[in-house]
């Protein structure tokens, strides 16, 4: 993965020494991902420190989108990118499945029309006009570590 400055960091180092909640988002323009990360931003750092857990978001864009996305969402925890989707592919995260969920997530506040319009607007008016990754890529959440321990998929 890469950090906000473009430095390469081994994925395993994110959970090797302590437990980590790792959230893979679809892309930084996805309105549902934005709203979910806004909610993750509300998790107090003290709560995570007390539980000895890291909260990590990984996107699939270029590293230069990390700081603007953190600013947009108010997210101050760890964020990285997997621009070639290597980890997404290794973990078998699906592509193009669509949203067939019958229960509405409490994290999603926008309807599909308004959310889509806002996403396209952010793409067109953002500092770098691009679509920030594969729009068909699905995300997921894992609880990993310490070491090779997998607690939740």
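Residue numbers (our numbering): 1348 to 1500.
Built from N, CA and C at the ideal position, the CB exists for glycine as well.
Check: Since residue 1427 is in the beta strand (DSSP E), which residue starts that stretch and which ends it?
Finding: 1425 to 1428
Margin query: In this structure, how does DSSP classify residue 1359 when only helix, strand and coil are distinguished?
Written below: helix
Next item on the list: Assuming residue 1422 and residue 1388 form a contact by the criterion Cβ under 8 angstroms, report the distance between their Cβ atoms to the nearest whole angstrom.
Entry: 4 angstroms
Next item on the list: Could you spell out where the alpha helix (DSSP H) holding residue 1418 opens and where it closes?
Entry: 1413 to 1420
Notebook entry, point to check: Can you tell me the Cα-Cα spacing of residue 1348 and residue 1438, whole angstroms?
Noted result: 14 angstroms
Check: Taking the beta strand (DSSP E) that residue 1308 falls in, what are its first and last residues?
Finding: In the structure as shown, the chain starts at 1348 and stops at 1500, and residue 1308 therefore has no counterpart that could be examined.
Check: What are the partner residues of residue 1499, as DSSP defines its beta bridges?
Finding: 1490
Next item on the list: Please report how far the alpha carbon of residue 1398 lies from the alpha carbon of residue 1392, in whole angstroms.
Entry: Taking the straight line from one Cα to the other gives about 10 angstroms.
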